[in-house]
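Asks:
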Amino acid sequence: MAVTYRLGRSALTSLPAESLPAVTPGLVRPGIVHLGLGAFHRAHQAEFTEAAVAASGGDWGIVGVAPRSRAVLGALREQDMLYSVLTVGDGDDRARAIGILAGLGHAAGDPHGVLTAIADPGIRIVSLTVTEKAYRMDPAGRLLLDDALRAQLTGAAPATSIPALLARGILARQAAGAGPLTVLCCDNMQGNGARVRGLVEQALDVAGAALPSGIGFPSTMVDRIVPATSEDHRRRAALALGAQDAVPVVAEAFTQWAIEDDFPGGRPDWAAAGAILTDDVAPWETLKLRALNGVHSAAAYLGALAGREMIADALDMPGMITLLRRLIAEDIAPTVRPPAGVTVVEYGETSLTRFANRELGHRTLQVAMDGSQKLPYRLLGTIQDRRDAGAGPGWAALVLAAWMRFARGYADSGATLPLDDPLATRIRAALADAPDTPEGTVDALLALDEVFPPALAGDDVLRARLIHWTAEFARHGVEATVRGLGS
Ligand code: CS2
Numbered sequence: 000m001a002v003t004y005r006l007g008r009s010a011l012t013s014l015p016a017e018s019l020p021a022v023t024p025g026l027v028r029p030g031i032v033h034l035g036l037g038a039f040h041r042a043h044q045a046e047f048t049e050a051a052v053a054a055s056g057g058d059w060g061i062v063g064v065a066p067r068s069r070a071v072l073g074a075l076r077e078q079d080m081l082y083s084v085l086t087v088g089d090g091d092d093r094a095r096a097i098g099i100l101a102g103l104g105h106a107a108g109d110p111h112g113v114l115t116a117i118a119d120p121g122i123r124i125v126s127l128t129v130t131e132k133a134y135r136m137d138p139a140g141r142l143l144l145d146d147a148l149r150a151q152l153t154g155a156a157p158a159t160s161i162p163a164l165l166a167r168g169i170l171a172r173q174a175a176g177a178g179p180l181t182v183l184c185c186d187n188m189q190g191n192g193a194r195v196r197g198l199v200e201q202a203l204d205v206a207g208a209a210l211p212s213g214i215g216f217p218s219t220m221v222d223r224i225v226p227a228t229s230e231d232h233r234r235r236a237a238l239a240l241g242a243q244d245a246v247p248v249v250a251e252a253f254t255q256w257a258i259e260d261d262f263p264g265g266r267p268d269w270a271a272a273g274a275i276l277t278d279d280v281a282p283w284e285t286l287k288l289r290a291l292n293g294v295h296s297a298a299a300y301l302g303a304l305a306g307r308e309m310i311a312d313a314l315d316m317p318g319m320i321t322l323l324r325r326l327i328a329e330d331i332a333p334t335v336r337p338p339a340g341v342t343v344v345e346y347g348e349t350s351l352t353r354f355a356n357r358e359l360g361h362r363t364l365q366v367a368m369d370g371s372q373k374l375p376y377r378l379l380g381t382i383q384d385r386r387d388a389g390a391g392p393g394w395a396a397l398v399l400a401a402w403m404r405f406a407r408g409y410a411d412s413g414a415t416l417p418l419d420d421p422l423a424t425r426i427r428a429a430l431a432d433a434p435d436t437p438e439g440t441v442d443a444l445l446a447l448d449e450v451f452p453p454a455l456a457g458d459d460v461l462r463a464r465l466i467h468w469t470a471e472f473a474r475h476g477v478e479a480t481v482r483g484l485g486s
């Protein structure tokens, strides 16, 4: 069947009932400005928010702001701000249009427009999915201030970066008397609410101001695997939807959101959409970062080094499941106090089942990117906690050694691996100056103080295990090393 309609309001009458948005597009007034209009937000918070408004009402439409790229904005405009979520992996493809977007913005092109949107009294939440690096903080939570950022914070230059948009947005609200606000960080960082609060306080300080009262910074744990959309996904979304969509997002069926309930300006009824509202989100965050994201990164680095393109292919490597199960049970589980009713090992098994979803087409290189920003939250905490408890770094050291080998820029076959990382220049320079030996690689990278806290950088036991695994990889390759562990 040829699909000729383009998704948009006028196409809705031709969509199957199960593909229709849960709210009437255009009728929900804006209450949220969301920074980061990538696939993850559109398949996660946007879907939860739409379901919450459908269940319980409220003016919680989302003004979606793309920080840099305009690519998605044009297509969304042409589609009356509608897009679809294609759910794959459980037999049938399902696609549903989402109609909760109530406005669009572009931070790089129209920063003033974004500040005006944030200062609107109708807006009570500014949420973010901008990835770890966009916060421009070191592992200790210090703002990485340079001249360009200082100019943005003091108003000498337009506010296009995340710290500046938040700080100047808050000041613009204060000037407008716009009322209480919640800044809701939805990026994969431990204690993400407190971290962003610290960032905003430092940024306001540079701007010569203090944090006004009435602003909440709840922490949240967000979870749904949402890889980059491929041409094949686009085609399948059109078939399942019955309309062409230039910007569908693809996701697994699993979705989870745990939110600390601290919203001075109110919030959508996300609990009605299945979210967990709690006063203690830390157990959820630690569990997810270590027993999902940390394990994901393990599969990504080992898989990429062994020439596997997709995460599902990495899981198929002989020995891989055994290794990941040991990592979860022996190293991660002892460091995590899971939420009531959850066990780390069962949760970890669910992670492995989710990673095996081949329909997602999740590339190892996509998960491998930005390792210098991700590993502190997903892996180094596990190592630190094990060392503090007097235990060895365990299998987590093997995973860290895989990142170190990956950082050298080529797979075991000799094929080039792109180092897509904000610290790529620093990492390359450190390695170029070091001898090409296991000791040389490990010492050069452990010395990166943007990544490794002093306690780990100076840990001889960790260093010895990293050298051991780096030497094993050099001698046998990752494929054989992992296979050997599974027997
Ligand atoms: C992944 C995450 O790309 C990555 O680093 O580990 O994006 C992961 O898919 C999500 O956090 C799942 O919630």
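If you count the sequence shown from 1, position 447 lands on 446 in numbering that gives the first Met the number 0, and the numbers rise without skipping. The beta carbon of each residue, even a glycine, is placed where N, CA and C say it ideally should be.
#1: For residue 119, which option in 168, 452, 154, 374 has the closest C-alpha, if you only look at C-alpha atoms?
#2: With a threshold of 7 Å, establish whether the CB of residue 132 neighbours any heavy atom of the ligand CS2.
#3: Could you tell me whether the Cβ atoms of residue 429 and residue 446 are closer together than 8 Å?
#4: What residues in its chain sit with their C-beta under 8 Å from that of residue 401, if we drop five residues either side in the sequence?
#5: Determine the closest residue to residue 144 out of 206, 170, 229, with distance taken between C-alpha atoms.
#6: CA-CA distance, residue 403 and residue 362?
#7: Looking at residue 222 and the ligand CS2, is the gap between the Cβ and the nearest heavy atom below 7 Å?
#8: Assuming contact is defined by CB atoms lying nearer than 8 Å, are residue 322 and residue 455 in contact in what I supplied?
#9: In chain order, what are the residue ranges of uninterrupted alpha helix (DSSP H) at least 4 long that sit wholly in the stretch 336-418?
#10: In this structure, does DSSP put residue 318 in helix, strand or coil?
#11: Inspect the CB distances between the stretch 410-425 and the stretch 374-390 and report whether three or more fall short of 8 Å.
#12: Quick check for students: name the residue ranges of the alpha helix (DSSP H) that lie wholly in the stretch 199-254, counting only runs of 4 or more.
#13: Which word fits residue 219, buried or exposed, when buried means at least 16 other C-beta atoms lie within 10 angstroms of its C-beta?
#14: For the ligand CS2, is there a heavy atom less than 7 Å away from the beta-carbon of residue 292?
#15: Give, in chain order, every unbroken run of the alpha helix (DSSP H) that is at least 4 residues long and sits entirely within the stretch 95-177.
#16: Quick check: residue 395 and residue 418, are their CB atoms within less than 8 Å of each other?
#17: For residue 88 and residue 450, I'd like the C-alpha separation in whole angstroms.
#18: So what's residue 285 in DSSP terms, helix, strand or just coil?
#19: Tell me, please, whether the CB atom of residue 440 is closer than 8 Å to any CB atom in chain C?
#20: Enumerate in chain order the residues of its own chain whose CB-to-CB distance from residue 72 is below 8 Å, with the five nearest sequence positions on each side excluded.
#21: Is it buried or exposed for residue 437, if we count other Cβ within 10 angstroms and need 16 for buried?
Replies: Taking the definition as stated:
#1: 168
#2: no
#3: yes
#4: 297, 300, 301, 304, 468, 472, 477.
#5: 206
#6: 19 Å
#7: yes
#8: no
#9: 343-354, 363-367, 370-374, 380-387, 394-406
#10: coil
#11: no
#12: 230-240
#13: buried
#14: yes
#15: 110-117, 146-153, 161-175
#16: no
#17: Counting only the Cα atoms, residue 450 lies some 35 Å from residue 88.
#18: In the displayed model, residue 285 falls within a helix according to three-state DSSP.
#19: Among the chains in the structure shown there is no chain C, since it carries only a single protein chain.
#20: 36, 65, 103, 105
#21: Its Cβ being crowded by 16 or more others within 10 Å, residue 437 is buried.
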